[in-house]
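The structure appears right after this line, and notes come after that.
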Amino acid sequence: MEGLISFIPAGGLGTRMRPYTLNTPKPLLLMGRPDRRVIDASLELSARVSEHVWVSVDYLGEQVVDYVGSKDVGSIGTLTDTRTSGSAGSLVEHQDRMSIGDSKDLLVLPSDHIYDGNFSIENYIKTHRELDADITLMTVPHKEYGQYATIDEQGFVQSIDTSPSPNNVSTTGTYIFKGSFVANFLHSVRRAGSEELNIYKDIVCSSIGKAVVATYFVDYNQGYWEDTGTLRRFFSSNMRLSSGDNVVDARANIGSEVILKRCVVLGDVALQGAAYYSDAIIGTVFNHGPTIVTRFGDFKS
167 MEGLISFIPA GGLGTRMRPY TLNTPKPLLL MGRPDRRVID ASLELSARVS EHVWVSVDYL
227 GEQVVDYVGS KDVGSIGTLT DTRTSGSAGS LVEHQDRMSI GDSKDLLVLP SDHIYDGNFS
287 IENYIKTHRE LDADITLMTV PHKEYGQYAT IDEQGFVQSI DTSPSPNNVS TTGTYIFKGS
347 FVANFLHSVR RAGSEELNIY KDIVCSSIGK AVVATYFVDY NQGYWEDTGT LRRFFSSNMR
407 LSSGDNVVDA RANIGSEVIL KRCVVLGDVA LQGAAYYSDA IIGTVFNHGP TIVTRFGDFK
467 S
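The working numbering puts the first residue of the sequence shown at 167, with every later residue one more than the last.
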């Protein structure tokens, strides 16, 4: 789509997903199939509508650079952060290389979120431009986690809170910024010499009441969105996308006597002998090292 670039921050430490992220960055964990990774949904969605997609890397960044370089989904480049400075800090550092400016809107998609179903990224961008908004947040029906936006009758954001209410909707960490707005913001924080910056806290929240902040609502009929940032949500998303089948890494060594039911098997873990695993994430931190199992005994598909 003309006049649009995308940014996917993929440099986080993945601390909520440990120990499975000690040697593998969270965006590269399996998702739904052995040949799919968590970051694939954001890569493919953004590449479909963008002149260029930029992926910023930091923690275990070489793995992400190699993976992104192997994808054939459009014009994609990587940005290596020279210091850990947050998602907005990465934009400040790489603003010139990304050519963020007045003529190009900026789409931000997290690297650990799942987008599926009939969700139309094209309609999202169209709505943002028709409203002439400075920022347009993608929102969904209430989730049990995250932040919640209170909106007026026209769909513009009045406030963002940490508690749900009948008058608000869940935010998704997915944003479109007007090019001139985000360029001016980045120039101002660069002049101020700000260190660590977060897109949500330092750009979105600080702009409410000062800029035009709109929403684009995606209901359950339009598509599916999930933040896979915790072990339970990661497991649940895998089971949803696999229709409850096992998701097993091609590098895993599974013995003939091992029985798996609704499991996600990560890395080159070796499972041998007469054993039964169900509703679990199974992996190893070190190559051929001890097996680590996270069970979800009360999981309901």
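Here a beta-carbon is modelled for each residue, glycine too, at the ideal position from N, C-alpha and C.
| task | Would you check if the distance between the CB atom of residue 468 and the CB atom of residue 316 is smaller than 8 Å? | result | No information on residue 468 is available, as it lies outside the stretch 167 to 467 that the chain covers here.
| Could you give the residue range of the alpha helix (DSSP H) that holds residue 207? | By one-based count along the sequence shown, residue 207 stands at place 41. Element bounds for residue 207: 206-215.
| task | Check whether the stretch 365-380 touches the stretch 283-292, taking contact to mean three or more Cβ pairs, one atom from each stretch, closer than 8 Å. | result | No: the two stretches stay apart, fewer than three of their Cβ pairs being nearer than 8 Å.
| With distances taken from CA atoms, which of 239, 238, 264 is nearest residue 246? | Locating residue 246 in the sequence shown gives position 80, counting from the first residue. A check of alpha carbon separations from residue 246 across 239, 238, 264 identifies 264 as the nearest.
| Cβ shell of residue 460 (< 7 Å), same chain only, five flanking positions each side left out | In the sequence shown, residue 460 corresponds to position 294, counting from 1. These residues qualify, in order along the chain: 397, 446, 447.
| field | Residue(s) in a DSSP beta bridge with residue 427 | value | Counting from 1 along the sequence shown, the entry for residue 427 is found at position 261. Its beta-bridge partners are 444.
| field | Neighbour-count burial assignment, residue 381, 16 or more Cβ in a 10 Å radius | value | Indexing the sequence shown from 1 puts residue 381 at position 215. Its Cβ being crowded by 16 or more others within 10 Å, residue 381 is buried.
| task | Compute the Euclidean distance between the alpha carbons of residue 355 and residue 433, then round it to the nearest angstrom. | result | As a first step, residue 355 must be located in the sequence shown, where it is residue number 189. As a first step, residue 433 must be located in the sequence shown, where it is residue number 267. Here the C-alpha atom of residue 355 lies approximately 41 Å from the C-alpha atom of residue 433.
| message | What does the Cβ neighbour count give for residue 260, buried or exposed, with the cut at 16 atoms within 10 Å? | response | Your numbering for residue 260 matches position 94 in the sequence shown. Classification of residue 260: buried, given that the 10 Å Cβ count is 16 or more.
| task | Could you pull the start and end residues of the beta strand (DSSP E) that residue 380 belongs to? | result | Along the sequence shown, read from residue 1 onward, the residue named residue 380 stands at position 214. Run containing residue 380: 379-383, per the beta strand (DSSP E) assignment.
| said: For residue 258, report the span of its alpha helix (DSSP H) as first-last. | reply: As a first step, residue 258 must be located in the sequence shown, where it is residue number 92. For residue 258, the enclosing alpha helix (DSSP H) stretches over residues 252-264.
| field | Under the three-state DSSP convention, the category residue 337 falls into | value | Against the sequence shown, residue 337 aligns to sequence position 171. In this structure, residue 337 counts as strand in the three-state DSSP scheme.
| message | Do residue 194 and residue 230 count as a contact pair if the criterion is CB distance below 8 Å? | response | Sequence index remark: in the sequence shown, residue 230 carries index 64 (1-based). Sequence index remark: in the sequence shown, residue 194 carries index 28 (1-based). Yes. Within cutoff.
| field | Neighbourhood of residue 299 by C-beta, 6 Å cutoff - its chain only, sequence neighbours within 5 removed | value | The residue given as residue 299 occupies position 133 in the sequence shown. Excluding positions up to five away in sequence, the list reads 378, 380.
| Helix, strand or coil for residue 175 per DSSP? | Working through the sequence shown from its first residue, we reach residue 175 at position 9. If DSSP states are grouped into helix, strand and coil, residue 175 belongs with the strands.
| query | Hey, how far is the Cα of residue 244 from the Cα of residue 262? | reply | Reading the sequence shown from its first residue, position 78 is the one you call residue 244. Reading the sequence shown from its first residue, position 96 is the one you call residue 262. The alpha-carbon separation between residue 244 and residue 262 amounts to approximately 14 Å.
| query | Helix, strand or coil: which one does DSSP assign to residue 197? | reply | In the sequence shown, counting from the first residue as 1, residue 197 sits at position 31. Coil.
| field | Distance, residue 347 Cα to residue 467 Cα | value | For the purposes of this step, residue 467 is taken as the residue at position 301 of the sequence shown. For the purposes of this step, residue 347 is taken as the residue at position 181 of the sequence shown. Any reading at residue 467 must be qualified, since the residue scores a pLDDT of 47, below 50, and its modelled position is unreliable; the value itself is stated next. Going from the Cα of residue 467 to the Cα of residue 347 covers about 43 Å.
| message | Let me confirm a value: residue 279 is counted as buried when at least 16 other C-beta atoms fall within 10 Å, else exposed. Which label applies? | response | Here residue 279 corresponds to residue number 113 of the sequence shown, with the count starting at 1. By the Cβ-count criterion, residue 279 is buried, with 16 or more other Cβ atoms from all chains shown falling within 10 Å of its own Cβ.
| For residue 415, does the three-state DSSP call read helix, strand or coil? | Against the sequence shown, residue 415 aligns to sequence position 249. Three-state DSSP puts residue 415 in coil, outside helix and strand.
| Would DSSP call residue 349 helix, strand or coil? | Looking up residue 349 in the sequence shown gives position 183. DSSP places residue 349 within a helical segment (H, G or I) once states are collapsed to three.
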